[in-house]
Amino acid sequence: MKILLAIDGSDFSKVAIHELIKMTLSSNSEIHIINVYEVPKTTGLGLHTMGGRIGNYIEEIRSNAQKLGNKIVSEAFDKIKAENKALTITTSVVSGLPKSTIYEKAEDWGADLIVVGSQGHGALSRLVLGSVSQYLTTNAKCSVLIARDRNKK
Numbered sequence: 001m002k003i004l005l006a007i008d009g010s011d012f013s014k015v016a017i018h019e020l021i022k023m024t025l026s027s028n029s030e031i032h033i034i035n036v037y038e039v040p041k042t043t044g045l046g047l048h049t050m051g052g053r054i055g056n057y058i059e060e061i062r063s064n065a066q067k068l069g070n071k072i073v074s075e076a077f078d079k080i081k082a083e084n085k086a087l088t089i090t091t092s093v094v095s096g097l098p099k100s101t102i103y104e105k106a107e108d109w110g111a112d113l114i115v116v117g118s119q120g121h122g123a124l125s126r127l128v129l130g131s132v133s134q135y136l137t138t139n140a141k142c143s144v145l146i147a148r149d150r151n152k153k
């Protein structure tokens with residue numbers, strides 16, 4: 001079984017990691033842990049007049065997001081591997097729109113299951129912000145597990 005675990009370091013992601021660890025998986029199961037970060041969009045207008053400072057700022061944001069993403073997937077890797085050493089686990093940290101990037105990775109990799117945490121947004125928040133889990137359940141060709149914390153309301 002190929003399982004794509006999409007995490008962002010939030011408490012919701014920790015619930016997703018915990019739910020994945022609780023699953024009984026065969027030794028030939030593969031897990032790919034992905035962290036997707038968004039970098040603010042900029043236009044070229046005004047970049048030259050500011051001496052390129054905005055470009056440096058954006059690169060610093062990208063670098064920091066990559067470092068944080070590496071830490072997030074590394075910690076998840078260690079937790080999962082500690083529970084089941086036989087699993088094949090890979091990781092990636094990429095820039096993009098989370099819902100479409102996770103979807104594309106699942107499709108390209110041939111995932112059998114996508115595991116994500118529920119952010120618990122209400123209807124208005126989902127309408128304004130969009131929902132990664134909603135997008136995945138609607139569009140993914142494989143099963144999607146949305147992990148929820150039973151203790152949160």
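Numbering (the UniProt record's numbering), first residue to last: 1 to 153. Positions of the beta carbon are idealized from the N, C-alpha and C atoms, including for glycine.
For residue i, three-class secondary structure by DSSP
| i | result |
| --- | --- |
| Val144 | strand |
| Asn35 | strand |
| Ile58 | helix |
| Ala6 | strand |
| Thr24 | coil |
| Ile17 | helix |
| Gly117 | strand |
| Ser74 | helix |
| Arg126 | Confidence at Arg126 is low in this model, with a pLDDT of 47, below 50, so the placement of that residue is unreliable and no value is reported for it. |
| Ser92 | strand |
Residue i to residue j span [Cα, whole Å]
| i | j | result |
| --- | --- | --- |
| Val94 | Ala65 | 9 Å |
| Met1 | Leu87 | 10 Å |
| His32 | Leu97 | 18 Å |
| Lys71 | Glu38 | 16 Å |
| Glu60 | Leu68 | 12 Å |
| Gln134 | Ser27 | 30 Å |
| Tyr103 | Ser143 | 12 Å |
Residue i, buried or exposed, once every other Cβ within 10 Å from all chains shown has been counted against 16
| i | result |
| --- | --- |
| Asn151 | exposed |
| Gly46 | Because the pLDDT at Gly46 is just 49, under 50, the model does not fix this residue reliably, and the value given afterwards should be weighed accordingly. Exposed, since its Cβ has fewer than 16 Cβ neighbours within 10 Å. |
| Tyr57 | exposed |
| Ala82 | exposed |
| Lys85 | exposed |
Cβ distance (whole Å) where residue i is taken to contact residue j below 8 Å
| i | j | result |
| --- | --- | --- |
| Ala6 | Ile114 | 7 Å |
| Thr91 | Val73 | 4 Å |
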